[in-house]
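Q:
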Amino acid sequence: MPTILVTNDDGIHSEGLAALADGLRCVGRVVVVAPEREMSTIGHALTLHSPLRLRELGPDRYIVDGTPSDCVYLGVVRVLSRTRPDLLVSGINRGGNVADDITYSGTVSAAFEGTLLGIRSLAISLLGRHEFDFTHAARFAPILARKVLQEGLPPDTLLNVNVPRGAPTGVGFSVQGRRTWSEEVVEKTDPRGRGYFWIGGAELRSKVDDPQSDLALLARGSISITPLHLDLTNHRALEQLGDWDLKLG
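Just so we're aligned, residue 0 is where the sequence shown starts under numbering that gives the first Met the number 0, counting upward by one.
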């Protein structure tokens with residue numbers, strides 16, 4: 000029976016985490032190691048300058064007072080040190096992780112950390128803002144998990160999965176899209192007269208002119224699966240930049 004490590008960035012009490020763990024138990028042994036509180040948009044942060052506390056809540060269920068990447072690292076190196084996980088699945092995130100959002104996502108970064116540790120890894124997110132029905136995402140998770148366990152993944156590659164609202168019309172592989180957010184910063188004053196700021200404005204525009212992008216597939220009601228690679232090198236740019244005549248001094 001395969002061992003599946005499950006984590007997220009919404010915290011141990013997230014409904015999406017519970018739905019994912021329940022859905023994957025038909026595939027293998029599920030071990031949950033998740034943050035004790037919400038850690039959304041934390042990215043790939045790893046705690047190196049303060050201690051971490053790992054606590055067991057019950058059989059195969061643990062919390063960490065750290066980031067999603069901390070959870071993955073402790074899950075692989077400590078919790079499952081004797082039984083290395085066959086698969087890591089992060090999610091189900093409340094809200095999509097598409098286009099530029101991937102760079103901020105704690106959900107996706109957990110899958111990056113798993114890939115760095117040599118574990119086949121998936122990140123699963125559900126589009127929406129306020130109300131979430133995890134039924135379809137939780138049903139698809141074991142289907143994809145079985146396929147990945149059977150076929151494997153290309154070297155240094157993870158899968159970023161996004162599920163649309165409602166019943167999906169299909170499943171497709173996609174490329175990372177692009178979208179633009181406003182550069183709005185809201186400035187306010189607290190009761191003691193001190194200024195403070197909220198970063199993050201409303202989304203302005205999603206660029207869906209590439210029919211193979213994650214945004215385009217989701218707009219058509221399809222589940223989007225984007226393979227992401229650990230190598231962030233822009234290999235095409237190397238050819239152009241190689242013509243630069245750079246000399247020291």
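For every residue, glycine included, the Cβ atom is placed at its ideal position computed from N, Cα and C.
1. Of the residues Asp244, Thr66, Glu150, which one's Cα is nearest the Cα of Val107?
2. Whose C-beta lies closer than 6 Å to the C-beta of Leu4 among residues of the same chain, with five residues either side of it excluded?
3. Could you check whether Ile123 and Ala140 sit closer than 9 Å to each other, using their CB atoms as the reference points?
4. Determine the DSSP secondary structure at His234, reduced to helix, strand or coil.
5. Assuming contact is defined by CB atoms lying nearer than 9 Å, are Asn161 and Leu121 in contact in what I supplied?
6. So, helix, strand or coil for Lys187, using DSSP?
7. Using a Cβ distance threshold of 8 Å, determine whether the region 142-161 contacts the region 182-201, with at least three qualifying pairs required.
8. Can you list, in chain order, the residues of its chain whose CB lies under 6 Å from that of Arg28, leaving out five sequence neighbours each side?
9. Closer than 7 Å by C-beta to Gly105: which residues in its own chain qualify, once you throw out the five before and the five after it? Chain order, please.
10. Could you name the residues that DSSP lists as bridge partners for Ile3?
11. Look up Arg164 in the DSSP assignment and say whether it is helix, strand or coil.
12. Could you spell out the range, first to last residue, of the alpha helix (DSSP H) harbouring Ser108?
13. So Val147 is in the alpha helix (DSSP H); what residue range does that whole segment cover?
14. My understanding is that Val170 touches Ile224, with C-beta atoms under 8 Å, so please give their C-beta distance in whole angstroms.
15. Under a Cβ-count criterion, where at least 16 other Cβ atoms within 10 Å of its own Cβ denotes burial, should Leu245 be classed as buried or exposed?
16. Decide if Glu112 is buried, meaning its Cβ has at least 16 other Cβ atoms within 10 Å, or exposed.
17. In its own chain, which residues sit with a C-beta less than 7 Å from the C-beta of Gly90, not counting the 5 before and 5 after it?
18. Is Leu254 buried or exposed, if buried means 16 or more other CB atoms sit within 10 Å of its CB?
19. For Val76 versus Ala33, is the C-beta distance shorter than 9 Å?
20. Which term fits Pro153, buried or exposed, when burial requires 16 or more other beta carbons within 10 angstroms of its beta carbon?
21. Over what stretch of residues does the alpha helix (DSSP H) that includes Ala18 continue unbroken?
22. The alpha helix (DSSP H) that contains Ala218, what's its start and end?
23. Could you tell me the distance, in whole angstroms, from the CA atom of Phe172 to the CA atom of Asn96?
24. Hey, Asp209 and Gly176: beta-carbon distance below 9 Å or not?
25. Leaving out five residues before and five after Val184 in sequence, what residues of the same chain have Cβ atoms less than 8 Å from its Cβ?
A: According to the data block:
1. Mapped onto the sequence shown, residue 107 falls at position 108. The shortest C-alpha separation from Val107 is found at Thr66.
2. As a working note, residue 4 is residue 5 in the sequence shown. Excluding sequence neighbours, Leu4 sits near Val30, Gly74, Pro84, Leu87.
3. The count along the sequence shown starts at 1 and reaches residue 140 at position 141. The count along the sequence shown starts at 1 and reaches residue 123 at position 124. Cβ atoms of Ala140 and Ile123: closer than 9 Å.
4. As a first step, residue 234 is located in the sequence shown; it is residue number 235 there, counting from the start. In this structure, His234 counts as helix in the three-state DSSP scheme.
5. Translated into positions along the sequence shown, residue 161 becomes position 162. Translated into positions along the sequence shown, residue 121 becomes position 122. Cβ atoms of Asn161 and Leu121: not closer than 9 Å.
6. As a working note, residue 187 is residue 188 in the sequence shown. Looking at Lys187 - three-state DSSP - the assignment turns out to be strand.
7. no
8. Taking the first residue of the sequence shown as 1, we reach residue 28 at position 29. Cβ neighbours of Arg28 beyond the five flanking positions: Met0, Thr2.
9. On the sequence shown, residue 105 is found 106 positions in, with the first residue counted as 1. Answer for Gly105: Asp8, Met38, Ser39, Thr40, Ile41, Gly42, Thr66, Pro67, listed in chain order.
10. Position 4 of the sequence shown, counted from the start, is the residue given in the question as residue 3. Ile3 pairs with Val29, Leu86.
11. Locating residue 164 in the sequence shown gives position 165, where the first residue counts as 1. Note: Arg164 maps to coil in three-state DSSP.
12. Here residue 108 corresponds to residue number 109 of the sequence shown, with the count starting at 1. 105-115 is the extent of the alpha helix (DSSP H) around Ser108.
13. Translated into the one-based positions of the sequence shown, residue 147 becomes position 148. Its alpha helix (DSSP H) spans residues 134-150.
14. Here the question's residue 170 lines up with position 171 in the sequence shown. Here the question's residue 224 lines up with position 225 in the sequence shown. That pair is a contact at about 7 Å.
15. For this step, residue 245 is matched to residue 246 along the sequence shown. Leu245 is exposed by the Cβ-count criterion.
16. The residue you call residue 112 lines up with position 113 of the sequence shown. Flag for Glu112 reads buried.
17. As a working note, residue 90 is residue 91 in the sequence shown. Asn7, Gly15, Leu19, Thr106, Ala122, Ile123, Ser124, listed in sequence order.
18. Outside the modelled stretch of the chain, which goes from 0 to 248, sits residue 254, for which no answer is possible.
19. One-based indexing of the sequence shown puts residue 76 at position 77. One-based indexing of the sequence shown puts residue 33 at position 34. In this structure, Ala33 does not lie closer than 9 Å to Val76 by Cβ.
20. Locating residue 153 in the sequence shown gives position 154, where the first residue counts as 1. Label assigned to Pro153: exposed.
21. In the sequence shown, residue 18 corresponds to position 19, counting from 1. Element bounds for Ala18: 14-23.
22. Along the sequence shown, one-based indexing puts residue 218 at 219. It spans 213-218 - the alpha helix (DSSP H) in which Ala218 sits, taken as one unbroken run.
23. Your numbering for residue 172 matches position 173 in the sequence shown. Your numbering for residue 96 matches position 97 in the sequence shown. Their Cα atoms are separated by approximately 15 Å.
24. Here residue 209 corresponds to residue number 210 of the sequence shown, with the count starting at 1. Here residue 176 corresponds to residue number 177 of the sequence shown, with the count starting at 1. Contact flag set, yes.
25. To locate residue 184, count along the sequence shown from 1; it is residue 185. Cβ within range, chain order: Phe196, Trp197, Ile198, Gly200.
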